[in-house]
Every structure is written in structure tokens, then in C-alpha cells.
Amino acid sequence: MKAEQNVFRNHWLWIFVIAAAFFFLFPSVVRADSYPAVPVAGSSNGTETPFEAHGDLHVGRSGSLTAPTILDSEGKPFQLRGASTHGVQWFPEYINEDTFRTLRDDWGINTIRLALYPREGGYLQGAGNRMDAKIREGVSAAQKLGMYVILDWHVLNYNPNDDLEQAKAFFKTYASQYASVGNVIFEICNEPVNTPWYDGSSRDLYTYEKTIAGVIRGCGSNAVILCGTNTWSQDIDEVARKPLSAAGVENVMYTFHFYAATHYDSLKNKLKTALQSGTPVFVSEFGICDASGNGNYDINNADSWINLLNANNISFCCWSLCNKAEAASYIRSDCAKTSGWAVSDLTVTGKWYRELCRKQREKEFASEGLFADVLDSSRYYYDAVYAASEAGVAKGLSAGEFGWNRDVSRAQFISWLWRMDGAPSEDGSLPFTDVRSGAYYRNAVLWAWKKGFTSGTSASKFSPDKTLTRGEAVTMLYRFSGEKKPESGNLFSDVHPQDYYYDAVIWAADRGITKGTSSSAFSPDQKCVRAEAITFLYRYDPSFGRT
Numbered sequence: 001m002k003a004e005q006n007v008f009r010n011h012w013l014w015i016f017v018i019a020a021a022f023f024f025l026f027p028s029v030v031r032a033d034s035y036p037a038v039p040v041a042g043s044s045n046g047t048e049t050p051f052e053a054h055g056d057l058h059v060g061r062s063g064s065l066t067a068p069t070i071l072d073s074e075g076k077p078f079q080l081r082g083a084s085t086h087g088v089q090w091f092p093e094y095i096n097e098d099t100f101r102t103l104r105d106d107w108g109i110n111t112i113r114l115a116l117y118p119r120e121g122g123y124l125q126g127a128g129n130r131m132d133a134k135i136r137e138g139v140s141a142a143q144k145l146g147m148y149v150i151l152d153w154h155v156l157n158y159n160p161n162d163d164l165e166q167a168k169a170f171f172k173t174y175a176s177q178y179a180s181v182g183n184v185i186f187e188i189c190n191e192p193v194n195t196p197w198y199d200g201s202s203r204d205l206y207t208y209e210k211t212i213a214g215v216i217r218g219c220g221s222n223a224v225i226l227c228g229t230n231t232w233s234q235d236i237d238e239v240a241r242k243p244l245s246a247a248g249v250e251n252v253m254y255t256f257h258f259y260a261a262t263h264y265d266s267l268k269n270k271l272k273t274a275l276q277s278g279t280p281v282f283v284s285e286f287g288i289c290d291a292s293g294n295g296n297y298d299i300n301n302a303d304s305w306i307n308l309l310n311a312n313n314i315s316f317c318c319w320s321l322c323n324k325a326e327a328a329s330y331i332r333s334d335c336a337k338t339s340g341w342a343v344s345d346l347t348v349t350g351k352w353y354r355e356l357c358r359k360q361r362e363k364e365f366a367s368e369g370l371f372a373d374v375l376d377s378s379r380y381y382y383d384a385v386y387a388a389s390e391a392g393v394a395k396g397l398s399a400g401e402f403g404w405n406r407d408v409s410r411a412q413f414i415s416w417l418w419r420m421d422g423a424p425s426e427d428g429s430l431p432f433t434d435v436r437s438g439a440y441y442r443n444a445v446l447w448a449w450k451k452g453f454t455s456g457t458s459a460s461k462f463s464p465d466k467t468l469t470r471g472e473a474v475t476m477l478y479r480f481s482g483e484k485k486p487e488s489g490n491l492f493s494d495v496h497p498q499d500y501y502y503d504a505v506i507w508a509a510d511r512g513i514t515k516g517t518s519s520s521a522f523s524p525d526q527k528c529v530r531a532e533a534i535t536f537l538y539r540y541d542p543s544f545g546r547t
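When the letters of the sequence shown are read in order and numbered with this note's numbering, they come out as residues 1 to 547.
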């Protein structure tokens, strides 16, 4: 029985040497059937950014959610996934377009929180001009990248009324400047202490936040406002006694902070109480370590917290985007890079948060029928992937991920062909000992073997998990088509009459199914990735058998 594997001959050695020399001398040659890596979700190259997709945000009720939540411009619940900087006066180097782009495209983050300390050597203590410049740069970068940005007046460990006039001046400046900028959010009091939510005095949080909200609204801004709560933004359950809505202040949320290695059920119960009372909550800061920003991690509890937030569509920002030598930092202290980080450059916090946001992004896109890694409509495989998905021929590797640049196995490809033929049920036995009963691809392999579309890699092996080669892909498709080989000649120097895939390659080139990997090479033994394989099928039949 003729196998689909290549039989090596001596002349292949010379072809390999010539090809290697060619690509060494001409490294800029781009494979015709594939393209360079494409940025993932959120790229502005041919797809919508987060802001383009969701627009201006507001606070409102939705469906079965107990408390009001973030809604997008279409009134749909939307969850912000944010990266909080450390103090801008200490780590300004992370506020730039390249950093934000890495967080958006690689991590799946859609929001940046700028931690603007008034004290601690910050805005009111000598760093105002430098911080103003970074605010402008940060907002501009977020606008360009279509991300949301939070201007966080980072009060820490004191009563914010102590700096009331300075806070009024700050928010008057930026609410006026960004009144018509839809991606800006104002956080007006980070972590106050020893300041009750409401006690009827002029120095409670209610009075402070009502005053600052009035300044912002007086400047013509209807941006979402995040209001801090007492005890490092943990006493979220106190707000319901007198919410700002009672004074006519709308489009506000109340901040809640936790650190997973310190805060457990008692604090979760505070959050649940607040939600049951109808308090709109925004977790503008959290960490997976203890509340000092250092110490041990509790990832299991962090996951539990995230499940609670997700169940209530609560947006969140993780502390902190910097390389400070502490557990809460994203970046290792020995890494000086401010963008384009490898996973090895990240701390435990950075690795955990990157993985979380990437998974959250995949779920977000999956709910919209999209793949997070296939969003750029200019890419050669874009139409093929979505046509195959809609036809039920090819599924993603996980919710929201197609895996366009992953190798495709022989089992996957033969299953795609089988589904294109309507996934017929087959009875009978197979000669292949490596196709187990109950495998998802068994019917497909039996169908293909009976039809003569595959003869395996040997008389007794199909090799289902083996990566498909380009030669195998076009051969299976050619046999599936039932069409005759055209009379036109061979364009490729690496395809010869004695090769099992010879007729198939000539047919595929004539039908426009393949353009080769260059003008003179097909690269039959090269591994086939999922994008290439699904595109071969799409170019053969754009309807994937559904017409």
C-alpha cells in the first residue's frame, strides 16, 4: 500500500543545501501561504480596539445582576481588566505607548490605572510638573490604543479632606481637559483611613466625594467616577446608608480593595452585603500577595476572589506595573525592559495576572463568536477561519482561541474534510492499529480510508497525532475533490513526478489553493499550521460544503 510519507532520496540532501543557502542569502523572503505573526486581540491593525468596540461607559443595571455595573455604549455589561501602575513619581518609565500596547495585545488588558500620589513625594510635594507630563502621555497613549485610563488620586492612609482644595484644583484641571474624552475615568480617593463614609460632619467621605464629583460634573464631564471607601477601601458595605445618588450624583461606583493572602471570607461577605444593597462596586486595586504588597501569595484565594468578581461583572485592576523588588510587582526586579516582556521576565504576580487576563479576553471574544487570536481582517486566514467555524467544520483549541499558528495534526485535518462532507456515519473496521475506538476522529479516518482519501503512513498506521505536512494536506484534499490533474506544468522546483503529492500540488496551484512558500518552492515536507490548512480548504470551497 502506498504511504503518504516521503521516501528520502539522495538528491533531497542537495535540495536542502541549496534551499538553506537561498534563505541564508535572502532572509527577507516571506512564505506565500503564511504570514508573519499577527498581534492578538485589541490590535488597531484591522480590528476594533476596546474603546472602538465598547465606547463611552456608564453605570446601570443589567439583567439578573444584583447591583448596577459598568455598561458600554450599547447598554451591555462590560468588565474592565486593568493594570495599575505603581506611583508615577517613582516609576514613570512604564507610562508609554509601547508598554500599554504590550499589556493590551499580549496580556489582554483593556484599562490602565495611573497611580497619582498627592503625597509621598508626589503631585503635591514637588513632582506635579513631571506627573502632569506623564498624565498627558498616558492618556494620549491610551486614546491611541483604544484603551480606558483611570486617573487615580492616590490618597493613602489619611483623610482626603485634608487636601480638599488641592484635589478640587486637580480634578477641575483634568475634568475640563478631558471632558469630551470618552475613555477617561476619574478615581477621586484611593485608600482613606479613619474617615467614616457619613457622619454628618464636613469631614466625612460622603462630603468629600460629593464635592469632588460636583467639580467634575461642573466641568462638563460625565465620566464614570470611582469613589473610595474607608479603611483602605474595604468598608464598601457602609455606602448603602447614604449613597451619592441620594444627592443626585449619578454615574459613580465605589471602590473595594483586597489582597488575597490577607483578606478572606469576612471581607468577601462585606462585598456581598454591598452588592445585595445595590451598591455599584469597582475593584480598583487588588493583589495576590498580602496587603503589604509583599509576603506570601495565595493563588487559590485569588482565584476565588476573581470568580466572585466575574459572577457580578465587577471590573478590576491589579497592583502593580513595575519592577520593584516586592511580591505585588508584575516585573522581576532584574528586568529593565518596559515592554515586550517574555514570561521569564515576570514575577509570580505578573505570570498569574497575564494568564488570567488572556483567558478572560478569550471568553469575552468567544461570547461574541470571535477568536481572540483571529481579529485582524487583513490576514490571509481571517475569512477561512470564520467561515469554517460558522460551518461547524473547525473548532477553536479553547473558548475564544483558534490557534492559527499551531501545528495541525493529521487527525484534525481529516476530521475537517469529513465534516465538509457532512460527517457521515461509517461502519466497519480499520487496518490502522493506532486509531482507537471512541477517538473523535475514528469515523473520519474510516470514511477517508474507505473513500481512498488516505492510505495511512504505513499499512498499519495512520499516525493521527503526527503533524500534517503541506504535501499531505494537498494530497488528501485533491483525492477528496475527485477532480483531475490539470495539464499545466509544475511551477515548483521541489516537487517531482515521482513524488506521491506531485499531481495534488499541480492541481492545488492551478486551482489557486496554494501559492507555494515562494515563487519556486512548495515545501511539501514543511509542517502545516492550522491557518494554512484551513485556508487550503477555504480556497477549495468557501462554503465548506454548505451550499
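Note that beta-carbon positions come from the ideal geometry of N, C-alpha and C, so glycine has one too.
Item, Value
"DSSP beta-bridge partners of G60", "T69"
"F24 in three-state terms, based on DSSP", "Note on F24: pLDDT 36, under 50, position unreliable in the model; no value is reported."
"Which residues DSSP lists as bridging R113, in chain order", "S84 and I150"
"Cβ-based burial, R546 [other Cβ within 10 Å; buried from 16]", "exposed"
"Length of the line joining the Cα atoms of N159 and A399", "45 Å"
"Endpoints, the alpha helix (DSSP H) within which I534 is located", "R530 to Y540"
"Contact under 9 Å by Cβ, V385 with F365", "no"
"Exposure of P27, with buried meaning 16 or more beta-carbon neighbours within 10 Å", "Residue placement at P27 is flagged as unreliable, the pLDDT there being 34, under the threshold of 50; a coordinate-derived value is accordingly withheld."
"Where C357 falls: helix, strand or coil (DSSP)", "helix"
"Residue(s) in a DSSP beta bridge with C219", "DSSP output for C219 lists no bridge partner at all."
"Pair within 9 Å by beta-carbon distance, W232 and E187", "no"
"C-alpha gap between I135 and N183, whole angstroms", "14 Å"
"S284 and L244 closer than 9 Å at C-beta", "no"
"Coil, strand or helix - F544 by DSSP", "coil"
"Best match in C189, A213, V224 and W90 for proximity to L80 [C-alpha to C-alpha]", "V224"
"W341 - DSSP class collapsed to helix/strand/coil", "coil"
"Nearest-angstrom Cα separation, counted from N443 out to L430", "10 Å"
"Inter-residue spacing [alpha-carbon to alpha-carbon] between Y538 and W418", "14 Å"
"Reduced DSSP secondary structure (H/G/I, E/B, other) of W404", "coil"
"Three-way DSSP call (helix, strand, coil) for H257 in this model", "strand"
"Exposed unless 16 or more other CB atoms sit within 10 angstroms - verdict on N157", "exposed"
"Reference R361, options D106, Q143 and D407, closest by Cα", "D106"
"The alpha helix (DSSP H) enclosing L232, as first and last residue numbers", "A small fix is needed here, since residue 232 is Trp in this sequence, not Leu. Counting along the chain, the alpha helix (DSSP H) containing W232 begins and ends at N230 to S233."
"CB of D503 within 9 Å of CB of F522, strictly", "no"
"Neighbour-count burial assignment, G228, 16 or more Cβ in a 10 Å radius", "buried"
"C289 and A328 closer than 9 Å at C-beta", "yes"
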